[in-house]
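As given, the protein sequences belong to chains A and B, one line each in that order. Counting with numbering that gives the first Met the number 0, you get residues 0 to 350 for the letters of the first sequence. Counting with numbering that gives the first Met the number 0, you get residues 0 to 278 for the letters of the second sequence. Using N, Cα and C, we set each Cβ at its ideal position, and we do this for glycine too. Note that the coordinates shown come from a computational prediction; the quantities given were computed from them, not determined experimentally. To start, the structure itself, in structure tokens.
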Amino acid sequence: MTPGLRVLAPGMLTTVQDLGRPGYQRLGIAVSGALDTISLRAANALVGNAPGAGALEVAYVGPTLQVDAEEVRLAFVGAHAEIQILPDINAVGGGRWIEPMRSVRLRRGEVIRIGSLSRSAVLYIAIEGGFDIAPVLGSVSTYIRGGFGGWHGRALRSGDRLPLCADRASDREDCRLDGLDLACPPRFRAIVGPQADLFSAREIATFFSSEFNVSADSDRVGMRLDGAVVHEPRGVNMTSDGVAPGSIQVPGSGQPIVLLADRQTTGGYPKIATVISADLPALGRLPIGAKIAFEPVTVEAAQALHRKLAAEIDAIQDRVVPIDRDAVEVGSILLDCNLISGVVDARSWRM
Amino acid sequence: MPEKNASAAGDPASTRFVDHRNFVETVANCDRVGALDYRLLPAGDTALVVEFGDCIDRRISAKVLALAQRVNQAQLDGVLECVPTFRSLMVHYDPIALSTSSLSASIGELMQRLRVREDAGRVWQLPACYDPLIAPDLDQVAARTGLSSAQVVECHSGATYHVYMLGFLPGMAYLGDVPPELELPRLATPRLKVPAGSLGIATTMTCVYPMDTPAGWHLIGRCPVPFLERRPQPMALLAAGDRVTFAPVSLREYEQLAAQSAAGTLRMIPVNEPVDEAA
Chain A
0 MTPGLRVLAP
10 GMLTTVQDLG
20 RPGYQRLGIA
30 VSGALDTISL
40 RAANALVGNA
50 PGAGALEVAY
60 VGPTLQVDAE
70 EVRLAFVGAH
80 AEIQILPDIN
90 AVGGGRWIEP
100 MRSVRLRRGE
110 VIRIGSLSRS
120 AVLYIAIEGG
130 FDIAPVLGSV
140 STYIRGGFGG
150 WHGRALRSGD
160 RLPLCADRAS
170 DREDCRLDGL
180 DLACPPRFRA
190 IVGPQADLFS
200 AREIATFFSS
210 EFNVSADSDR
220 VGMRLDGAVV
230 HEPRGVNMTS
240 DGVAPGSIQV
250 PGSGQPIVLL
260 ADRQTTGGYP
270 KIATVISADL
280 PALGRLPIGA
290 KIAFEPVTVE
300 AAQALHRKLA
310 AEIDAIQDRV
320 VPIDRDAVEV
330 GSILLDCNLI
340 SGVVDARSWR
350 M
Chain B
0 MPEKNASAAG
10 DPASTRFVDH
20 RNFVETVANC
30 DRVGALDYRL
40 LPAGDTALVV
50 EFGDCIDRRI
60 SAKVLALAQR
70 VNQAQLDGVL
80 ECVPTFRSLM
90 VHYDPIALST
100 SSLSASIGEL
110 MQRLRVREDA
120 GRVWQLPACY
130 DPLIAPDLDQ
140 VAARTGLSSA
150 QVVECHSGAT
160 YHVYMLGFLP
170 GMAYLGDVPP
180 ELELPRLATP
190 RLKVPAGSLG
200 IATTMTCVYP
210 MDTPAGWHLI
220 GRCPVPFLER
230 RPQPMALLAA
240 GDRVTFAPVS
250 LREYEQLAAQ
260 SAAGTLRMIP
270 VNEPVDEAA
């Protein structure tokens, strides 16, 4: 049998994602891809994959997975989560606990159980060698609305078995990330427009001086904001035009929608501003209920930040360092002793 | 690209606003070239909107599509993709490989040699079944337009539609314009799910939904041709700039065609070759 990863429980919304499927937007095909491309790249770096290899994107609540290969190496990057590793499917507790931002080697039958995420909406699980999934239009990203890409065009379900490219992990050392900054900016930077002229001075001022909440209606298509209202723009019936990553639409309700990875390619709501490319990975981390505010910047400033982020991305590999075994053990002991909040719940879980 | 810096005085939020309105105006004024009026609007730092107008209009669409073809042919380093819409072209670019000012300048150059034509695309004749059994809103459309059902069908299938753009869903083409006597606003309450292949009309547009979807248009028939091919890779049947007519077929013919479509043996070919503007 080909090597695989079994899905015992899927988590809330676990999908295969890479850096997306650009090039087909003129046909209405969304770009998709990881919400937080920095974490995706870092997870791949930890297992020695190409930066844009397909990985699992976990949202809010993690999956339970079982290794169905001789040996695999996984890496977890993004949200904070308690990750429990059990010797087999029947284990009732104990096992090992690890934290994200590192890779780990697992043997056949071992079970990885990931609880609720905190500090970010998403966590990435990369696997050394990658998933053996055929790309669709050049990408393995799952495009749920289109019903293609990733694992049968949908989120993972219990009983799925994801085929892997490698049956054995390499002999490389397990690694952790040293000093990767996944903090969100205090205010997300945005460029006014493209429909600046459909909004009054007051509306634009309201937008940039308000604090919004990320609403529970948010998904991979768009982040809906409430808590403040930008008054209905004049052009609410405007003729559709293109949509960029990070576009901030203002529909008739006056509650902005920030468009994310699975955004449609065109749209008919006026866009008051567009989140800059350098802030998009952090935007993708922002969980439901988080506060968000915006700050205007020029295109020039945004592009300088884009170049800075590109340099940081190039340097991710330098942050991959071998794990200091003693330090890891201390972490595991703390978790086993329930000294860290949240662990009590995690340990009493059953599959 | 010229930009102005924010002034330090006054209410911070309004100051920012004034700054950016100035920015937009500046870009707009410096890029009016020749007979083609257009505006360049930044959509973030990795996309630029080339806007020709603010309404649905065949001449505007022709300019958008001519520029799209030009930009694609030019193969500018750093241009990632172009997305034509009713009234604008969105150019997605990599700002590290291509500065906004060089992109703007290149667009200005391409614009000067733009040959705008309204008949550049492929022509398709597609079967459509208007049988009331699979046309849930046909009677209602007839009642609201004061036409008979037969006249609605005659009217809808008698027009040649222009593909303005694709959007909303993969393969979903916005076809226009429907004859004025069929113009109706969207449904007050959208349906939660309409089946793939449903033929809809609303306002000046008609469409075929490429997949099951929530939808708010009046459903007057079904088209058996897949607007989004799934195999070997997903691909849209139509492209912006194509022209489409619908040929009425009986329910029986529709079912045969739909069976072929489901079996993957229904292949449509355009009735003409597309006009290559460069040729």
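Exercise. Of all the options LEU66/B, GLY199/B and ALA73/B, which has the alpha carbon lying nearest to the alpha carbon of ARG114/B?
Worked result: The shortest C-alpha separation from ARG114/B is found at LEU66/B.
Problem set entry | Neighbour-count burial assignment, GLN74/B, 16 or more Cβ in a 10 Å radius | Looking at its Cβ environment, which holds fewer than 16 other Cβ atoms inside 10 Å, GLN74/B is exposed.
For this session: Give every residue of the same chain whose Cβ lies closer than 7 Å to the Cβ of ARG40/A, excluding the five residues on either side of it in the sequence, and list them in chain order.
Result: Cβ neighbours of ARG40/A within its own chain (closer than 7 Å, five residues either side excluded): PRO50, ILE312 and ILE315.
Exercise. Just curious, the alpha helix (DSSP H) that THR36/A is in, first and last residue?
Worked result: Counting along the chain, the unbroken alpha helix (DSSP H) around THR36/A starts and ends at 36 to 45.
For this session: With distances taken Cα to Cα, identify the nearest neighbour of GLU172/A among ALA289/A, GLY92/A, LEU279/A and VAL320/A.
Result: The shortest C-alpha separation from GLU172/A is found at VAL320/A.
For this session: Give the DSSP bridge partners of TRP96/A, in chain order.
Result: TRP96/A pairs with GLN83/A.
Exercise. Is it buried or exposed for VAL91/A, if we count other Cβ within 10 angstroms and need 16 for buried?
Worked result: With fewer than 16 Cβ atoms within 10 Å of its Cβ, VAL91/A is classed as exposed.
Exercise. To which residues of the same chain is LEU215/B closer than 6 Å at the C-beta, ignoring the five residues directly before and after it?
Worked result: This sequence places Gly at residue 215/B; Leu is not what is there. ARG185, LEU186 and PRO189, listed in sequence order.
Problem set entry | Short CB-CB distance (under 8 Å) between LEU18/A and chain B | Taking 8 Å as the CB threshold, LEU18/A stays off the interface with chain B.
Problem set entry | Own chain, CB closer than 7 Å to CYS206/B, minus 5 neighbours either side, in chain order | So the list reads MET171, ALA172, TYR173, LEU174, GLY199 and TRP216, once near-sequence residues are dropped.
Exercise. Counting contacts by CB-CB distance shorter than 8 Å, is ASP261/A in contact with chain B?
Worked result: Taking Cβ atoms only, chain B never reaches closer than 8 Å to ASP261/A, which makes this a no.
Exercise. PHE211/A bridges to which residues according to DSSP?
Worked result: Its beta-bridge partners are ILE291/A.
Exercise. When DSSP labels each residue in this structure, what does SER340/A get in the three-state scheme?
Worked result: Because SER340/A sits at a pLDDT of 37, beneath the cut-off of 50, its placement in the model cannot be relied upon, and the point is left open.
Problem set entry | Unbroken beta strand (DSSP E) run spanning ALA46/B, endpoints | Boundaries of the beta strand (DSSP E) around ALA46/B: 46 to 50.
Problem set entry | Boundaries (first-last residue) of the alpha helix (DSSP H) holding ALA189/A | For ALA189/A, no alpha helix (DSSP H) segment is defined; the enclosing uninterrupted segment is the beta strand (DSSP E) at 187 to 191.
Problem set entry | With 16 other Cβ atoms within 10 Å as the buried cut-off, status of HIS305/A | Label assigned to HIS305/A: buried.
For this session: Would you give the residue range spanned by the beta strand (DSSP E) that TYR123/A belongs to?
Result: Start and end: 117 to 126.
For this session: Grab me the residues of PRO286/A's own chain with a C-beta within less than 6 Å of its C-beta, minus the 5 sequence neighbours each way, in chain order.
Result: Taken in chain order, the residues that qualify are ALA120.
Problem set entry | Neighbour flag for GLY241/A against chain D, beta carbons, 8 Å | Any reference to chain D falls outside this structure, whose protein chains are A and B.
Exercise. Are the beta-carbon atoms belonging to LEU155/A and PRO244/A less than 8 Å from one another?
Worked result: Their beta carbons are not under 8 Å apart, which means LEU155/A does not touch PRO244/A by this criterion.
Exercise. What did DSSP end up calling THR188/B once you bin it into helix, strand or coil?
Worked result: THR188/B falls in the coil class under three-state DSSP.
Exercise. Where does MET353/A sit, in a helix, a strand or coil, going by DSSP?
Worked result: Outside the modelled stretch of chain A, which goes from 0 to 350, sits residue 353/A, for which no answer is possible.
For this session: Quick one: residues in its chain with C-beta nearer than 7 Å to the C-beta of PRO167/A, no 5 flanking neighbours on either side, listed in chain order?
Result: A small fix is needed here, since residue 167/A is Arg in this sequence, not Pro. If you ignore the 5 residues before and after ARG167/A, its C-beta comes within less than 7 Å of the C-beta of GLU69 and GLU70, all in its own chain and listed in chain order.
For this session: Would you check if there are 3 or more beta carbon pairs closer than 8 Å linking the segment 181 to 195 of chain A to the segment 288 to 296 of chain A?
Result: Counting Cβ pairs under 8 Å, three or more are found: they touch.
Exercise. Which same chain residues, not among the five before or five after CYS137/B, have their C-beta less than 6 Å away from its C-beta?
Worked result: Here the sequence assigns Leu to residue 137/B, which means Cys is not the residue at that position. Within the same chain, PRO131, SER148 and ILE219 come within 6 Å of LEU137/B by CB-CB distance, once the 5 residues on both sides are set aside.
Exercise. Cβ of HIS217/B within 7 Å of any heavy atom in the ligand FAD?
Worked result: Of the ligands one can find in the structure shown there are none, so the ligand FAD has no counterpart to examine.
Exercise. What does a CB cutoff of less than 6 Å around ARG223/A pick up in its chain, not counting 5 residues either side in sequence?
Worked result: Within the same chain, ARG223/A has close Cβ partners SER214, ASP216, SER217 and ILE256.
Exercise. Can you find a CB in chain B that lies within less than 8 Å of the CB of SER138/A?
Worked result: SER138/A has a beta carbon lying at 8 Å or more from every beta carbon in chain B.
Problem set entry | Within-8 Å CB hit, PHE147/A to chain B | Cβ-Cβ to chain B under 8 Å: yes for PHE147/A.
Exercise. Considering only residues of the same chain and omitting the five flanking positions on each side of THR84/B, which have a CB-CB separation below 8 Å?
Worked result: The beta carbon of THR84/B lies closer than 8 Å to those of VAL63, TYR163, MET164 and GLY166 in the same chain, with the five residues before and after it left out.
Exercise. Going by beta carbon distance, what residues of the same chain come within less than 8 Å of ASP53/B, once the five residues before and after it are set aside?
Worked result: ARG86, listed in sequence order.
Exercise. How about SER87/B: is its C-beta nearer than 8 Å to some C-beta of chain A?
Worked result: Closer than 8 Å: yes.
Exercise. LEU181/A and PHE130/A: beta carbons closer than 8 Å?
Worked result: Not in contact: LEU181/A and PHE130/A (Cβ atoms no closer than 8 Å).
Exercise. Would ALA214/B count as contacting chain A if we go by Cβ distances under 8 Å?
Worked result: ALA214/B does not count as touching chain A.
For this session: Return no unless some Cβ of chain B is closer than 8 Å to the Cβ of ALA227/A.
Result: Not an interface residue.
For this session: Could you name the residues of the same chain whose beta carbon sits closer than 6 Å to that of ALA260/A, not counting the 5 residues immediately before and after it, in chain order?
Result: The answer, listed in chain order, is SER31, GLY32, LEU34 and ARG219.
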